[in-house]
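**Student:** Below you'll find the structure I mean.
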Amino acid sequence: MRNFQTRGLVLLTFVVFGVISLAALSLAQGGNAAAPAVGGGGRGRAAVPTGPTPRTPDGKPDLSGLWNGGGSGGNIASALPRGETLPLLPSAAKLLASRQAKDDPESNCLPAGVPRGAPYPWRWVTAPGYVYFLFEGNIHSYRQIFTDGRKHPADPDPTWYGHSIGSWDGDTFVIDTVGYNDKFWFDFVGTPHTEQLHTIERFTRTNLGTLVNEVTIDDPGAFSKPFKVTFTARLAPKGDELMEYICQENNPDVPHLVGPAVAP
Amino acid sequence: MRLKLIAPLMAIVLIAVALPVFAHHSFSAQYDANKPITLKGVVTRFEWTNPHARIFIDVTDENGKVTSWNLELGSPNILARAGWTRKALAVGDKVAVEGALAKDGSKMANARTVTLASGKTVFAGSSGGDTPTAAPPPAR
Chain A
-5 MRNFQTRGLV
5 LLTFVVFGVI
15 SLAALSLAQG
25 GNAAAPAVGG
35 GGRGRAAVPT
45 GPTPRTPDGK
55 PDLSGLWNGG
65 GSGGNIASAL
75 PRGETLPLLP
85 SAAKLLASRQ
95 AKDDPESNCL
105 PAGVPRGAPY
115 PWRWVTAPGY
125 VYFLFEGNIH
135 SYRQIFTDGR
145 KHPADPDPTW
155 YGHSIGSWDG
165 DTFVIDTVGY
175 NDKFWFDFVG
185 TPHTEQLHTI
195 ERFTRTNLGT
205 LVNEVTIDDP
215 GAFSKPFKVT
225 FTARLAPKGD
235 ELMEYICQEN
245 NPDVPHLVGP
255 AVAP
Chain B
214 MRLKLIAPLM
224 AIVLIAVALP
234 VFAHHSFSAQ
244 YDANKPITLK
254 GVVTRFEWTN
264 PHARIFIDVT
274 DENGKVTSWN
284 LELGSPNILA
294 RAGWTRKALA
304 VGDKVAVEGA
314 LAKDGSKMAN
324 ARTVTLASGK
334 TVFAGSSGGD
344 TPTAAPPPAR
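For the record, the sequence lines run as chains A and B. By my numbering, the letter at position 27 of the first sequence is numbered 21, and the numbering carries on one by one without gaps. If you want my numbering, it's the position in the second sequence, counting the first as 1, plus 213.
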């Protein structure tokens, strides 16, 4: 009996440790799970809905919904495949090392850019010719993705979200974006990029509650080669909606941020 | 044997509940988790605003000197989704706030828990990690 209890405790310890490790990993990957987004320890929140991938009448996966996570947060390098490191060029490594916490655009209520996430939900909206991401955090802004077959302009003005075109590759929705400015940071530690940034986001809704975002980041101005990072968004609990979040309303923190840019 | 196993299990559980909530700025760039503080005072203002709700309290020391503190909570959205309301606190309420001091020496702190006049301790949506036993404040 005593032996049985001991074994039970050992098993319980392993199970609890496993669950916690996964949660910690998700946090390290920057809002990769619903947990960090709900806040307050997630009290009173329903679990992520489960079920098969929903589809639209044309048979394609329906990616619309209210999502939590799915982007970078603390340090984008934590979303690399195991064992890989960021292929930073010396100039980018130097810039990364020099960045100060007070200068993080996110802390200054400026957009998070791509693929950085925020600790608040965002809604995927599909409309004829367009896909929109409506962000609650990330300063209450939006992304516009053209799905009418147009190409990128030859020389787009650099912007926070760039020029995005979307198309299907089987059951995966692919967003190709160029024309970024170099102002946003990929994460809290300040991983940089240049205006040469080109991202390819591959969104796959693997089931009702899960949206996997595999991002190829190609920026010959900051990295010696393209690399891939993967994030997972979780469907918000039923009944949750976007709420107003005007970051500029009352942000006295910036003068009190001291020292180098660091993960939360 | 069983006690030996229970101790690390409890430690793991405590670590789990201390995981931080992401804010729009880095907790550790503004606050020092190694400088915990408990402030007892009277609410002079409760700002239900983004990106952070804030409690302003006046703390009177043993010599009668009053110091005003600016205490950061999670955002109203994070707090509301977890049970807070904008009416949870009112001017004149006596509270005790436990949290972490600002690194730059200003009279600011990141609140981890708020103990209400009723004696009930509630969580504060801290980006530095919440306290496991704390619940949202009761409706009023």
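We put the beta carbon where it would ideally sit given N, CA and C, even for glycine.
Closer than 8 Å by beta-carbon distance: list the chain A residues that pair up with A236 (chain B), in chain order.
**Tutor:** Along the second sequence, read from residue 1 onward, the residue named residue 236 (chain B) stands at position 23. Going along chain A in sequence order, the residues near A236 (chain B) (Cβ under 8 Å) are P113, P258.
**Student:** Return yes when the Cβ of G341 (chain B) is within less than 7 Å of the Cβ of A322 (chain B), no when it is not.
**Tutor:** Residue numbering aside, residue 322 (chain B) sits at position 109 when the second sequence is read from its first letter. Residue numbering aside, residue 341 (chain B) sits at position 128 when the second sequence is read from its first letter. Result no, Cβ atoms of A322 (chain B) and G341 (chain B) do not sit closer than 7 Å.
**Student:** Got a sec? Which residues, its chain only, sit under 6 Å from E120 (chain A) by beta carbon, not counting five neighbours each side?
**Tutor:** Here residue 120 (chain A) corresponds to residue number 126 of the first sequence, with the count starting at 1. The displayed chain sequence assigns Thr, not Glu, to residue 120 (chain A). Correct list, in chain order: S58.
**Student:** Closer than 7 Å, CB to CB, is C241 (chain A) near chain B or not?
**Tutor:** Residue 241 (chain A) sits at position 247 when you count from the first residue of the first sequence. It does: the Cβ of C241 (chain A) has a partner Cβ on chain B nearer than 7 Å.
**Student:** Quick one: grab the DSSP three-state call for G38 (chain A).
**Tutor:** Your numbering for residue 38 (chain A) matches position 44 in the first sequence. Model confidence at G38 (chain A) stands at a pLDDT of 45, short of 50, so the residue's coordinates are unreliable; what they give is reported in the following sentence. Three-state DSSP puts G38 (chain A) in coil, outside helix and strand.
**Student:** Is it true that the segment 75 to 92 of chain A meets the segment 127 to 138 of chain A, where meeting means three or more beta-carbon pairs spaced less than 8 Å apart?
**Tutor:** With a cut-off of 8 Å, the segment 127 to 138 of chain A and the segment 75 to 92 of chain A do not count as touching, because too few Cβ pairs lie within range.
**Student:** Going by DSSP, what residues sit across from M321 (chain B) in a beta bridge?
**Tutor:** Translated into the one-based positions of the second sequence, residue 321 (chain B) becomes position 108. Answer by DSSP bridge pairing, in chain order: B:N283.
**Student:** Rounding to the nearest angstrom, what Cα-Cα distance links A257 (chain A) and S66 (chain A) in this structure?
**Tutor:** Position 263 of the first sequence, counted from the first residue, corresponds to residue 257 (chain A). Position 72 of the first sequence, counted from the first residue, corresponds to residue 66 (chain A). One C-alpha to the other measures close to 11 Å.
**Student:** Does any C-beta atom of chain A lie closer than 7 Å to the C-beta of A322 (chain B)?
**Tutor:** Along the second sequence, one-based indexing puts residue 322 (chain B) at 109. For A322 (chain B), the answer is no, since every Cβ of chain A falls outside 7 Å of its Cβ.
**Student:** Just the chain A side, please: which residues come within less than 7 Å of F240 (chain B) by C-beta, in chain order?
**Tutor:** Locating residue 240 (chain B) in the second sequence gives position 27, where the first residue counts as 1. Near F240 (chain B) (Cβ distances below 7 Å), the residues of chain A are P258.
**Student:** Which residue or residues does DSSP assign as beta-bridge partners of N62 (chain A)?
**Tutor:** Walking along the first sequence from the start, residue 62 (chain A) turns up at place 68. Looking at the DSSP assignment, N62 (chain A) forms a beta bridge with A:R228.
**Student:** D52 (chain A) bridges to which residues according to DSSP?
**Tutor:** Position 58 of the first sequence, counted from the first residue, corresponds to residue 52 (chain A). None, per the DSSP bridge assignment.
**Student:** Per DSSP, which residues does N244 (chain A) bridge with? Please list them.
**Tutor:** Counting from one through the first sequence, the residue named residue 244 (chain A) turns up at place 250. B:P264.
**Student:** Alpha carbon to alpha carbon, how far is A73 (chain A) from L232 (chain B)? Give it in angstroms, no decimals.
**Tutor:** Residue 232 (chain B) sits at position 19 when you count from the first residue of the second sequence. Residue 73 (chain A) sits at position 79 when you count from the first residue of the first sequence. At L232 (chain B), the pLDDT of 38 sits below 50, so the modelled position is not reliable; the number obtained from the coordinates is stated separately. L232 (chain B) and A73 (chain A): Cα-Cα distance of roughly 18 Å.
**Student:** If you check the beta carbons only, do V172 (chain A) and I70 (chain A) fall under 7 Å apart?
**Tutor:** As a working note, residue 172 (chain A) is residue 178 in the first sequence. As a working note, residue 70 (chain A) is residue 76 in the first sequence. For V172 (chain A) and I70 (chain A), no; Cβs fall outside 7 Å.
**Student:** From T198 (chain A) to A87 (chain A), what distance separates their C-alpha atoms?
**Tutor:** As a position in the first sequence, residue 198 (chain A) is number 204, starting the count at 1. As a position in the first sequence, residue 87 (chain A) is number 93, starting the count at 1. Cα to Cα, T198 (chain A) sits roughly 32 Å from A87 (chain A).
**Student:** Any beta carbon from chain B within less than 7 Å of E189 (chain A)'s own beta carbon?
**Tutor:** Position 195 of the first sequence, counted from the start, is the residue given in the question as residue 189 (chain A). No - not a single Cβ of chain B is within 7 Å of the one on E189 (chain A).
**Student:** Leaving out five residues on either side along the sequence, give the residues of the same chain with a beta carbon under 7 Å from the beta carbon of A293 (chain B).
**Tutor:** Mapped onto the second sequence, residue 293 (chain B) falls at position 80. Cβ neighbours of A293 (chain B) beyond the five flanking positions: none.
**Student:** Counting along the chain, where does the beta strand (DSSP E) carrying G215 (chain A) start and finish?
**Tutor:** Along the first sequence, read from residue 1 onward, the residue named residue 215 (chain A) stands at position 221. First-last for G215 (chain A): undefined, no H or E at that position.
**Student:** When you check each C-beta in the segment 125 to 141 of chain A against every C-beta of chain B, which residues fall closer than 8 Å?
**Tutor:** Taking 8 Å as the Cβ-Cβ cut-off against chain B, the residues of the segment 125 to 141 of chain A that qualify are E130, G131.
**Student:** What does V206 (chain A) touch in chain B if you count any residue whose Cβ is under 7 Å from its own?
**Tutor:** The residue you call residue 206 (chain A) lines up with position 212 of the first sequence. Within 7 Å Cβ-Cβ: nothing; V206 (chain A) doesn't reach chain B, min ~20 Å.
**Student:** Which first and last residues belong to the beta strand (DSSP E) in which H192 (chain A) is found?
**Tutor:** Along the first sequence, one-based indexing puts residue 192 (chain A) at 198. Segment 192 to 201, the beta strand (DSSP E) holding H192 (chain A).
**Student:** Are the Cβ atoms of S281 (chain B) and P264 (chain B) separated by less than 7 Å?
**Tutor:** Start at 1 with the first residue of the second sequence, and residue 281 (chain B) comes out as number 68. Start at 1 with the first residue of the second sequence, and residue 264 (chain B) comes out as number 51. Their beta carbons are not under 7 Å apart, which means S281 (chain B) does not touch P264 (chain B) by this criterion.
**Student:** Can the beta-carbon of L60 (chain A) be found closer than 7 Å to that of R110 (chain A)?
**Tutor:** What you label residue 60 (chain A) is simply residue 66 of the first sequence in a count that begins at 1. What you label residue 110 (chain A) is simply residue 116 of the first sequence in a count that begins at 1. No; because the gap between Cβ atoms is not below 7 Å, this pair is not in contact.
**Student:** Could you tell me which chain A residues have their CB closer than 7 Å to the CB of S340 (chain B), listed as they occur along the chain?
**Tutor:** Here the question's residue 340 (chain B) lines up with position 127 in the second sequence. Neighbours of S340 (chain B) on chain A, chain order: P258.
**Student:** At the 7 Å Cβ level, is A315 (chain B) part of the contact set with chain A, yes or no?
**Tutor:** By 1-based counting over the second sequence, the position of residue 315 (chain B) is 102. True, the Cβ-Cβ gap to chain A drops below 7 Å.
**Student:** What does a CB cutoff of less than 8 Å around G160 (chain A) pick up in its chain, not counting 5 residues either side in sequence?
**Tutor:** On the first sequence, residue 160 (chain A) is found 166 positions in, with the first residue counted as 1. Closer than 8 Å at the Cβ level, and outside the excluded window around G160 (chain A), lie V125, I139, F140, T141, F167, V168, I169, D170.
**Student:** If you reduce the DSSP assignment to three classes, tell me which class R137 (chain A) lands in.
**Tutor:** What you label residue 137 (chain A) is simply residue 143 of the first sequence in a count that begins at 1. Residue state, collapsed to three classes: strand.
**Student:** With a cut-off of 7 Å, does the C-beta of N276 (chain B) fall near any C-beta of chain D?
**Tutor:** Given the protein chain composition of this structure (A and B), no chain D is represented.
**Student:** Y114 (chain A): which of A:P122, A:E100, A:L80 sits nearest, CA to CA?
**Tutor:** Start at 1 with the first residue of the first sequence, and residue 114 (chain A) comes out as number 120. Closest by alpha carbon: A:E100.
**Student:** Quick one: grab the DSSP three-state call for V32 (chain A).
**Tutor:** Here residue 32 (chain A) is taken as the residue at index 38 of the first sequence, counted from 1. For V32 (chain A), the predicted model reports a pLDDT of 27, less than 50, meaning its position is unreliable; a value from the coordinates is still stated below. Three-state DSSP puts V32 (chain A) in a helix.
**Student:** Quick one: give me the first and last residue of the alpha helix (DSSP H) that L169 (chain A) is part of.
**Tutor:** By one-based count along the first sequence, residue 169 (chain A) stands at place 175. According to the sequence as given, residue 169 (chain A) is Ile; it is not Leu. Careful: I169 (chain A) lies outside any alpha helix (DSSP H), inside the beta strand (DSSP E) at 166 to 172.
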